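**Q** Note that the sequence shown ends on residue 424 in this note's numbering; no numbers are left out. Glycine included, each C-beta is placed from N, C-alpha and C at the ideal position. Fair warning: this is a prediction, and the values are worked out from it, not measured in the lab.
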Amino acid sequence: TLSIAGLWPAGRRDIKTLMINAVVSFFATIFAILAAEVIVRHIGHPGDYLVATLVDDPVLGHRIEPNTAGHDRRGFRNGSTADKAWLVAVGDSQTYGVSASLDKAWPKQLEDQIGRPAYNMGIGGYGPIEYLYIVENETPKLDPSVVVVGVYFGNDFADAYRSAYSREHWKSMRLSNVPRIEQDNKTDNLERKDDKAFGGLRDALARQSVLYGMVRVNFGHLFQFHEGARIAANKSENEQFVWVDPKEPDIKTIFTPSHRLDAMDVNKATMREGLRLTKEALLRMNKHLVDQNRGFLVLMIPTKERVYCDYIAKQGHEVPRTYSYLCAVETKVKEELSSFLEQSGIKYVDSIDALQKKVVEHEKIYKQNDDGHPLAAGYGAIAQAVRNALETKYPNLLKSKEAN
Numbered sequence: 021t022l023s024i025a026g027l028w029p030a031g032r033r034d035i036k037t038l039m040i041n042a043v044v045s046f047f048a049t050i051f052a053i054l055a056a057e058v059i060v061r062h063i064g065h066p067g068d069y070l071v072a073t074l075v076d077d078p079v080l081g082h083r084i085e086p087n088t089a090g091h092d093r094r095g096f097r098n099g100s101t102a103d104k105a106w107l108v109a110v111g112d113s114q115t116y117g118v119s120a121s122l123d124k125a126w127p128k129q130l131e132d133q134i135g136r137p138a139y140n141m142g143i144g145g146y147g148p149i150e151y152l153y154i155v156e157n158e159t160p161k162l163d164p165s166v167v168v169v170g171v172y173f174g175n176d177f178a179d180a181y182r183s184a185y186s187r188e189h190w191k192s193m194r195l196s197n198v199p200r201i202e203q204d205n206k207t208d209n210l211e212r213k214d215d216k217a218f219g220g221l222r223d224a225l226a227r228q229s230v231l232y233g234m235v236r237v238n239f240g241h242l243f244q245f246h247e248g249a250r251i252a253a254n255k256s257e258n259e260q261f262v263w264v265d266p267k268e269p270d271i272k273t274i275f276t277p278s279h280r281l282d283a284m285d286v287n288k289a290t291m292r293e294g295l296r297l298t299k300e301a302l303l304r305m306n307k308h309l310v311d312q313n314r315g316f317l318v319l320m321i322p323t324k325e326r327v328y329c330d331y332i333a334k335q336g337h338e339v340p341r342t343y344s345y346l347c348a349v350e351t352k353v354k355e356e357l358s359s360f361l362e363q364s365g366i367k368y369v370d371s372i373d374a375l376q377k378k379v380v381e382h383e384k385i386y387k388q389n390d391d392g393h394p395l396a397a398g399y400g401a402i403a404q405a406v407r408n409a410l411e412t413k414y415p416n417l418l419k420s421k422e423a424n
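#1: Are threonine 73 and valine 108 closer than 8 Å when you measure CB to CB?
#2: What are the uninterrupted segments assigned as beta strand (DSSP E) that are 3 or more residues long and contained completely in the stretch 323 to 370, given in chain order?
#3: CA-CA distance, asparagine 416 and asparagine 408?
#4: Please tell me whether glutamate 435 and valine 71 are closer than 8 Å, where the distance is taken between their beta carbons.
#5: With respect to the beta strand (DSSP E) encompassing valine 169, which residues constitute its N-terminal and C-terminal limits?
#6: In chain order, what residues of the same chain have a beta carbon less than 6 Å from the beta carbon of lysine 128, not counting five sequence neighbours either side?
#7: Rounded to whole angstroms, how far is the Cβ of aspartate 112 from the Cβ of isoleucine 143, which I believe are closer than 8 Å?
#8: Between which two residues does the beta strand (DSSP E) harbouring threonine 273 extend?
#9: With distances taken from CA atoms, which of Ile134, Ile366, Tyr139 is nearest methionine 320?
#10: Please work out which residues of its chain come closer than 6 Å, Cβ to Cβ, to isoleucine 154, disregarding the five sequence neighbours upstream and downstream, and give them in chain order.
#11: Spatial neighbours of histidine 91 within its chain, please: C-beta separation below 7 Å, excluding the five flanking residues on both sides.
#12: Assuming leucine 361 contacts valine 166 under a Cβ cut-off of 8 Å, what Cβ separation, rounded to an integer in Å, is found between them?
#13: Measure the alpha-carbon distance for lysine 288 versus proline 277 and round it to whole angstroms.
#14: Per DSSP, proline 394 forms a beta bridge with which residues?
#15: Within 8 Å, do at least three Cβ pairs link the stretch 363 to 382 to the stretch 394 to 407?
#16: For a quick check, are the C-beta atoms of leucine 395 and alanine 120 less than 8 Å apart?
#17: Measuring straight from C-alpha to C-alpha, what distance separates alanine 301 and lysine 413?
#18: Among residues of its own chain, excluding the 5 on either side of leucine 303, which ones have a beta-carbon nearer than 7 Å to its beta-carbon?
#19: Going by beta-carbon coordinates alone, are proline 340 and phenylalanine 173 separated by less than 8 Å?
#20: Mapping DSSP to helix, strand and coil, what is histidine 82?
#21: DSSP puts tryptophan 263 in a beta bridge; with which residues?
#22: Relative to the C-alpha of lysine 377, which candidate in Ala401, Ser183, Leu309, Asp311 has its C-alpha closest?
#23: Using beta-carbon positions only, say whether asparagine 7 and alanine 283 come within less than 8 Å of one another.
#24: Under the assumption that glycine 81 contacts arginine 200 (Cβ atoms under 8 Å), give the Cβ distance between them as a whole number of angstroms.
#25: Using DSSP with H/G/I as helix, E/B as strand and the rest coil, what is phenylalanine 96?
#26: Considering only the beta carbon of each residue, do tyrosine 139 and alanine 105 sit closer than 8 Å?
#27: I'd like to know whether the C-beta atoms of lysine 384 and isoleucine 274 end up nearer to each other than 8 Å.
#28: Hey, how far is the Cα of proline 78 from the Cα of lysine 255?
#29: Please list the terminal residues of the continuous alpha helix (DSSP H) segment that includes isoleucine 143.
#30: Considering only residues of the same chain and omitting the five flanking positions on each side of glutamate 293, which have a CB-CB separation below 6 Å?
#31: Considering just the uninterrupted stretch of the beta strand (DSSP E) at alanine 109, what are its terminal residues?
#32: Less than 6 Å between C-beta atoms, sequence neighbours within five positions excluded: which residues of the same chain meet that for glutamate 131?
#33: Which whole-angstrom value is the C-beta distance of glutamate 428 and leucine 346, which I expect to be below 8 Å?
#34: Tell me whether lysine 36 is buried or exposed, calling it buried when 16 or more other Cβ atoms sit within 10 Å of its Cβ.
#35: Grouping DSSP H, G and I as helix and E and B as strand, with all else coil, what is methionine 284?
#36: Measuring CA to CA, which of Thr290, Ala333, Asp123 is closest to aspartate 265?
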């Protein structure tokens, strides 16, 4: 049987129609996605959804390319490039605000709480060596009254060692009896690559598509726990273990004790050296800021694992041996660093009490996977701890700037 046109048999005509419909549908879908991408770029701030584009830097290892992925012309995560700020926050991804929108990172929440302009100079992958450079070379451009430097126990000591012993710019800070690193990775070489499905494609979309970022941020939590639990099931409990709050089952997360311990255990020579370098960097920062008549505050940021240690212990839950050891090691390192800061006359604040209060109140402050970055509520607790410290340690400075 021939078609009406007499050219295609009926069966072939059906196939041709299906092919045409498929092609039209494909291009219509592509057009719809592109149109949606344009729309969401005007609705949302790209910096809340896109992963930063990094460029090489001989001193810092890497920088964020200015004016990309929602970052300002200096390459920092701020809504606009300020010429002056009352407070500048310096740190790594915990200060940058990974896992939260731009206005929910702790520097911006602090800005709302104190009513003073705050500028965020946090960048993921940085450590105490990079903080020193930023404090000495970048913060003066904004003429701040106070500089807050966030020290994250999860990887800052490892980062300090890596930076000083892999880049020639910092060779004066090395000790002769400590082994050098032959190669530096511009991203944090202690952040593990997970086994997520289609990881390469998802990472590429995370850097380029705001639409994908919106979907990931707003709906990714629906799959985080199950995907993380699947991965954890193939690892030992010392590497990863799933924890669910027995009093509030909706509060659940995944801990990575051995990973955190590797970057913190000062019984290892490299981590002991990292802690020494951290102390030296903080001393130099303090001298630089005091000489400029600026306030200086060190913010201690604990690991997710340490935040939950006391609560889990009080519940009497059995945990892997490495987790218990991590809790003890981090507590000991914090005590050593606190003692050093007190003896050096450097003001500091420990944010762990504010975070632990949220845990007791059964509030979600971390993702349901193995990510160690706080959610907005966690960053809010950190901001509150900094605010309280500023009111206690710099009351006159706050009062003297009320007119600004």
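**A** From the atom records:
#1: Counting from one through the sequence shown, the residue named residue 73 turns up at place 53. Counting from one through the sequence shown, the residue named residue 108 turns up at place 88. No, the Cβ-Cβ distance between threonine 73 and valine 108 is not below 8 Å.
#2: 368 to 370
#3: Counting from one through the sequence shown, the residue named residue 416 turns up at place 396. Counting from one through the sequence shown, the residue named residue 408 turns up at place 388. Computed Cα separation, rounded: 14 Å.
#4: Nothing can be reported for residue 435, as the shown portion of the chain is limited to 21 through 424.
#5: Position 149 of the sequence shown, counted from the first residue, corresponds to residue 169. From DSSP, the beta strand (DSSP E) with valine 169 extends over 166 to 172.
#6: Within the sequence shown, numbered from 1, the residue matching residue 128 stands at position 108. Cβ within range, chain order: n/a, list empty.
#7: Looking up residue 112 in the sequence shown gives position 92. Looking up residue 143 in the sequence shown gives position 123. Confirmed, Cβ separation roughly 7 Å.
#8: For the purposes of this step, residue 273 is taken as the residue at position 253 of the sequence shown. First-last of the beta strand (DSSP E) with threonine 273: 272 to 275.
#9: Position 300 of the sequence shown, counted from the start, is the residue given in the question as residue 320. Among Ile134, Ile366, Tyr139, the Cα nearest to that of methionine 320 is on Ile366.
#10: Looking up residue 154 in the sequence shown gives position 134. For isoleucine 154, where only same-chain residues beyond five positions count, the Cβ hits under 6 Å are Val110, Met141.
#11: One-based indexing of the sequence shown puts residue 91 at position 71. Excluding positions up to five away in sequence, the list reads Gly67, Ala72, Ile84, Arg97.
#12: Reading the sequence shown from its first residue, position 341 is the one you call residue 361. Reading the sequence shown from its first residue, position 146 is the one you call residue 166. About 16 Å separates the two Cβ atoms, so there is no contact after all.
#13: Mapped onto the sequence shown, residue 288 falls at position 268. Mapped onto the sequence shown, residue 277 falls at position 257. Those two C-alpha atoms are separated by around 16 Å.
#14: As a working note, residue 394 is residue 374 in the sequence shown. According to DSSP, proline 394 bridges with Tyr386.
#15: yes
#16: Position 375 of the sequence shown holds residue 395. Position 100 of the sequence shown holds residue 120. In this structure, alanine 120 lies closer than 8 Å to leucine 395 by Cβ.
#17: As a position in the sequence shown, residue 301 is number 281, starting the count at 1. As a position in the sequence shown, residue 413 is number 393, starting the count at 1. Distance between the alpha carbons of alanine 301 and lysine 413: 21 Å.
#18: Locating residue 303 in the sequence shown gives position 283, where the first residue counts as 1. Same-chain partners within the cutoff: Ser364.
#19: Your numbering for residue 340 matches position 320 in the sequence shown. Your numbering for residue 173 matches position 153 in the sequence shown. No, the Cβ-Cβ distance between proline 340 and phenylalanine 173 is not below 8 Å.
#20: On the sequence shown, residue 82 is found 62 positions in, with the first residue counted as 1. In this structure, histidine 82 counts as strand in the three-state DSSP scheme.
#21: Looking up residue 263 in the sequence shown gives position 243. Tryptophan 263 is bridged to Thr273.
#22: Residue mapping note: residue 377 aligns to position 357 of the sequence shown, counting from 1. Closest option to lysine 377, Cα to Cα, is Ala401.
#23: The first residue shown for the chain is 21 and the last is 424, placing residue 7 beyond what the model contains.
#24: Counting from 1 along the sequence shown, the entry for residue 81 is found at position 61. Counting from 1 along the sequence shown, the entry for residue 200 is found at position 180. Glycine 81 to arginine 200, Cβ: 15 Å. No contact.
#25: Counting from 1 along the sequence shown, the entry for residue 96 is found at position 76. Coil.
#26: As a working mapping, residue 139 is identified with position 119 in the sequence shown. As a working mapping, residue 105 is identified with position 85 in the sequence shown. Yes; because the gap between Cβ atoms is below 8 Å, this pair is in contact.
#27: Taking the sequence shown and counting its residues from 1, the one referred to as residue 384 is at position 364. Taking the sequence shown and counting its residues from 1, the one referred to as residue 274 is at position 254. Result no, Cβ atoms of lysine 384 and isoleucine 274 do not sit closer than 8 Å.
#28: Walking along the sequence shown from the start, residue 78 turns up at place 58. Walking along the sequence shown from the start, residue 255 turns up at place 235. About 37 Å.
#29: Within the sequence shown, numbered from 1, the residue matching residue 143 stands at position 123. That residue, isoleucine 143, is in no alpha helix (DSSP H); it is neither H nor E in DSSP.
#30: In the sequence shown, the residue the question calls residue 293 occupies position 273. If we look at glutamate 293 and ignore the five residues flanking it on each side, its Cβ neighbours are Tyr181, Val198.
#31: Here residue 109 refers to the residue found at position 89 of the sequence shown. Taken as a continuous stretch (DSSP letters only), the beta strand (DSSP E) holding alanine 109 covers 107 to 111.
#32: Taking the sequence shown and counting its residues from 1, one reaches residue 131 at position 111. For glutamate 131, where only same-chain residues beyond five positions count, the Cβ hits under 6 Å are Ala138.
#33: Because the chain in this structure spans residues 21 to 424, residue 428 falls outside the shown range and cannot be described.
#34: Against the sequence shown, residue 36 aligns to sequence position 16. Classification for lysine 36: exposed.
#35: Taking the sequence shown and counting its residues from 1, the one referred to as residue 284 is at position 264. Of the three classes helix, strand and coil, the one that applies to methionine 284 here is coil, per DSSP.
#36: In the sequence shown, residue 265 corresponds to position 245, counting from 1. The shortest C-alpha separation from aspartate 265 is found at Ala333.
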